[in-house]
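Residue numbers (the numbering used here): 1080 to 1317.
Here's what the structure looks like:
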């Protein structure tokens, strides 16, 4: 459990929630229902052994936070994941409700295995959730690097509406057909800028477009190379 102030909220709650879910208890010393709820929140967080962080905000000492989050009654509990509120409730609740709330917030076993990232863990995650995109893509990348293309494609079959999965499927098709070999070798060598140059020259092939989009998604929107390549991709296609 961590006590959070207006000065530390961004670091302790918002940014921290990008890696680990954070449940925030808005309370005050004079609040009887708060005193009843707090032990249940502490027990629920402790039983999850670090998978969920409990943060406490004294609304009297931090009125700016209470106003920012529209706190009109306490106790008020908000759960943050990836820097946004994903679940919340107001008022003292029985143990069963608190436990169910934490179950919704805490990462699943499949999510924890996918985050581990090693081959055995990724296979375990997919055994639990066969269509889990992050695990399927990560494991398919491992298999593709080993040349086990058929198994990689099989793993990706259940994954829908995912740029990286679509891009990896396109890459496997290109490799199987013996196309864009120099660009694929550049990707494998970590020479992404050179790889994008070569792939852009191969447009408007649809598999090439999907591979570029998937690789851009993998790098993330904040990457300067991604922004520049997206502009070049749009110019080449439209």
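We put the beta carbon where it would ideally sit given N, CA and C, even for glycine.
Nothing here was measured: the structure is a model prediction, and the numbers come from that model.
Looking at the DSSP output, residue 1155 bridges to 1105 and 1169. In the displayed model, residue 1258 falls within coil according to three-state DSSP, outside both helix and strand. Here the alpha carbon of residue 1175 sits roughly 31 Å from the alpha carbon of residue 1087. Residue 1136 has its alpha-carbon roughly 11 Å from the corresponding atom of residue 1143. Between residue 1184 and residue 1100, the C-beta gap is smaller than 7 Å, which places the two residues in contact. Closest by C-alpha distance to residue 1131, out of 1091, 1310 and 1106, is 1091. Out of 1226, 1212 and 1127, the CA that lies nearest to the CA of residue 1181 is found in 1127. Distance from residue 1121 to residue 1080 at the Cβ level is roughly 6 Å; contact confirmed, criterion being Cβ atoms closer than 8 Å. Using a Cβ distance threshold of 7 Å, residue 1214 and residue 1204 count as a contacting pair. Excluding five sequence positions before and after residue 1168, the CB atoms of its chain that fall closer than 7 Å to its own CB belong to 1156 and 1180, given in chain order. Taking residue 1283 as the centre and dropping the five residues before and after it, the same chain places the C-beta of 1315 and 1316 closer than 8 Å to its C-beta, in chain order. Taking the Cα positions, residue 1266 is about 14 Å away from residue 1305. By the Cβ test, the region 1211–1225 is in contact with the region 1235–1246, since at least three Cβ pairs between them sit closer than 8 Å. Within the same chain, and ignoring the five residues on either side of residue 1115 in sequence, the residues whose Cβ sits closer than 8 Å to its Cβ are 1171. Look at residue 1133 here: in three-state DSSP terms it is strand. Following the DSSP letters along the chain, one finds residue 1291 inside the alpha helix (DSSP H) bounded by residues 1285–1298.
According to the DSSP assignment, residue 1126 belongs to the alpha helix (DSSP H) that extends over 1111–1126.
For residue 1082, the secondary structure class from DSSP, reduced to helix, strand or coil, is strand.
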